[in-house]
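426 is the number of the first residue of the sequence shown in the working numbering; add one for each residue after it.
Each residue gets a CB set at the ideal place from its N, CA and C atoms; glycine is no exception.
As the structure is a computational prediction, the values presented were derived from the model and not from experiment.
The structure appears below as structure tokens.
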Amino acid sequence: MTRVFFSDLETHSPSGRFTLTARSPHNGAILRRGGRKASWWWGRRTAFQNEFRFQLLEHIPGSAEPRLVWERWQKWNESSPHQLFVSDTGWSILRTHGPQLIAVSPSGRDVLRVDILGPREGKVGRNAWQADHATYTTAGLFWSKHAWPYFFRDAETDFFIWRTHRGQRLVLDLTHAAILPEADVRAREWDAAEQRDASALLAMLTEQLQEVQALLSKSSTAPQKEVPSELRKHLDRVVGAVVLVGAHRIHACLPLLQQWESVEDWSSVSRSSVFREASLEEQAFRPIVQQSLRRLGVQPRGFAAYSFLDAKHERYAIPECLPDRRERAATLEKTMSAWEVLQRVGAPDLIHHGTELSDDVERAFEHWEYDFQADGQWTTLQLRWELNSRPPFIAELQERPSSWLQSNAREQALLER
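Here is the structure:
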């Protein structure tokens, strides 16, 4: 069984009026229910922490200590929490490993418990919701990555909305304890709320871009100052904000996005299937920032979305930000090696893999995609590398209208890798 880790959690309402906490005795900060200490064997765990105590605290002006509004303990039939949310009206949402969303009223009463189902599941029950995309693993079902969750209030009704990176919405009517259909008459109001809040978050973080880059930097010659935990929490939401800028075509955020393209955050390293002397390193933020720029009709400057590392984990010198990249691409030939392609046009905008069955033989391919804009039109050059041969060679070299104009397949490829 894959180990799953559950840390103590704390979050604040937007105005700071409320604080919602979740703490487990197995993390060492509190006693077990009833006042007993956690024993050594079942005490401080490095994984599978449970027996969480949830508390809602209200900060009253002029009072030195916050007021305890309510307290609840993790129930025997619910999983441990991954994430907490609290509104300025005192509504609380617990996202558990189940996966479930549990809605708790301002008085501390559980009013709604929603089971999250993956796309492979069958019949969806009354208090269940089916995600269009989820990842099935030995550690459970994962469905929440790069989402945009938020509270929304309309007249006397409170809502909690979970927008996935694919655009699907889970809508909870908290006041009436109901799951609403996604195609609600208030959808335009939700669009506006998402645009407003995503723009505000991106503007705030752009003002702190130097601190953001220091936090993300993997190596620094100067000692880094301690980064406030609130900055880390906001940064965890930035990819969702960037996705919304592209999805909602928020042109006012264009100057902000252009600043984010240069931010470096290398997320993973794997062996390169095509350039076999090298390892492939992927950027985390940059590819989705560049894709949202394209959604706004703007050609990115061309900072590398990928780098290639030698045996000493040093980056190969590969050109980037090439103003004549399309002209250079016109000179590519199928006989070129991966190194020659990289030196001519730089790193691809997207690398993805595929297979096909030919004469009862499964053939593997790696696709390199380069996007270009000319006369207001977007095209994509795709290099299809044949991996079954030694060394790999370019089996197809073709430029065609960009397929991502008609779908969000590019965002899915970037966010679900």
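Start and end residues, alpha helix (DSSP H) containing residue i
i      : result
ALA528 : Per DSSP, ALA528 belongs to no alpha helix (DSSP H); it is in the beta strand (DSSP E), 525-529.
THR631 : 612-632
PRO544 : Premise fails: PRO544 is in no alpha helix (DSSP H) and is neither H nor E.
ILE713 : 711-720
SER654 : 654-660
GLN555 : First-last for GLN555: 553-555, but that is the beta strand (DSSP E), not the alpha helix (DSSP H).
ARG769 : 763-770
ARG835 : 834-840
Rounded distance between the beta-carbons of residue j and residue i, thought under 8 Å
i      : j      : result
GLU634 : VAL688 : Note that residue 634 is Leu in the sequence shown, not Glu. Their Cβ separation, rounded to whole angstroms, is 7 Å, which keeps LEU634 and VAL688 in contact under 8 Å.
PHE733 : LEU705 : 6 Å
ARG458 : GLU476 : 7 Å
HIS590 : LEU840 : 5 Å
ASP690 : PHE710 : 5 Å
ILE675 : ALA623 : 7 Å
ARG478 : GLU496 : 7 Å
LYS759 : ILE819 : 4 Å
LEU782 : SER698 : Between SER698 and LEU782 the Cβ distance is about 19 Å, and since that is not below 8 Å, they are no contact.
ARG788 : THR804 : That pair is no contact at about 26 Å.
LEU679 : VAL723 : 6 Å
ILE713 : GLU794 : 15 Å between Cβ atoms; not a contact.
THR471 : ALA564 : That pair is no contact at about 15 Å.
Whether residue i touches residue j by CB criterion (9 Å)
i      : j      : result
PHE584 : LEU605 : yes
ALA556 : TRP568 : yes
GLU686 : GLN715 : yes
LEU481 : VAL494 : yes
ARG720 : ALA672 : yes
GLU503 : ARG538 : yes
PHE790 : ARG809 : yes
PHE443 : HIS507 : no
VAL664 : HIS571 : yes
SER530 : LEU599 : yes
LEU566 : ILE541 : yes
SER438 : SER505 : no
ARG750 : VAL766 : no
LEU526 : LEU456 : no
Given residue i as reference, the closest of the options once Cα atoms are compared
i      : options                           : result
SER512 : GLY771, GLY441, PHE710 and ASP609 : GLY441
GLU655 : LEU630, HIS676 and ALA625         : LEU630
ASP535 : GLY565, SER517 and PRO574         : SER517
ALA799 : TYR731, GLU821, ARG809 and PRO748 : PRO748
ARG613 : LEU627, ARG594, ARG809 and SER438 : ARG594
THR521 : VAL429, VAL610, PRO491 and GLU836 : VAL429
SER695 : PHE790, ASN833 and TYR731         : TYR731
GLU745 : ARG538, SER717, ASP774 and THR760 : ASP774
ALA677 : ALA628, ARG701 and SER642         : ALA628
LEU806 : PHE818, ARG657 and SER827         : SER827
THR562 : GLY801, GLY547 and GLY523         : GLY523
ARG740 : HIS601, ALA528, ALA772 and GLU758 : ALA772
LEU626 : THR582, GLY592, LEU682 and HIS601 : LEU682
GLY413 : THR600, PRO574, SER532 and VAL663 : The structure shown has nothing for residue 413, since the chain only spans 426 to 842.
GLY543 : PRO531, ALA559, SER530 and GLN708 : ALA559
ARG701 : ASP661, ALA763, PRO725 and TRP793 : ALA763
ARG662 : PRO725, TRP587 and VAL786         : TRP587
ALA834 : VAL668, GLY801 and ALA742         : VAL668
ARG578 : GLY453, GLY515, GLY533 and GLU632 : GLY515
HIS601 : THR446, THR427 and THR582         : THR582
ALA603 : ALA528, LEU767 and TRP829         : ALA528
HIS844 : GLN474, LEU445 and TRP501         : No information on residue 844 is available, as it lies outside the stretch 426 to 842 that the chain covers here.
GLN499 : ILE743, PRO486, ARG461 and GLN474 : GLN474
SER693 : GLN684, GLN708 and ALA703         : GLN708
ARG611 : GLU632, ALA639 and ALA580         : ALA580
GLY843 : LEU830, LYS462 and MET761         : Coverage of the chain is limited to positions 426 through 842, which leaves residue 843 absent and any answer about it impossible.
GLU821 : HIS792, SER832, PHE797 and ALA838 : HIS792
Run of the beta strand (DSSP E) containing residue i, from where it starts to where it stops
i      : result
GLN798 : 786-799
ALA755 : Element bounds for ALA755: n/a, residue is neither H nor E.
SER517 : 517-521
LEU705 : 704-708
VAL494 : 492-498
LEU595 : 594-598
HIS777 : 775-783
ASP583 : 582-588
HIS451 : HIS451 -> no beta strand (DSSP E), and no H or E assigned at all.
ARG815 : Taken as a continuous stretch (DSSP letters only), ARG815 belongs to no beta strand (DSSP E), as it is neither H nor E.
ASP579 : 573-579
GLN474 : Looking at the DSSP string, GLN474 is not in any beta strand (DSSP E), and its letter there is neither H nor E.
HIS437 : 434-437
PHE510 : 506-511
Any chain D beta carbon closer than 9 Å to residue i
i      : result
GLU707 : Given the protein chain composition of this structure (a single chain), no chain D is represented.
Q: With a floor of 3 residues, list each beta strand (DSSP E) that falls wholly inside the region 672-708, ordered by position along the chain.
A: Complete beta strand (DSSP E) runs here, min 3: 691-696 and 704-708.
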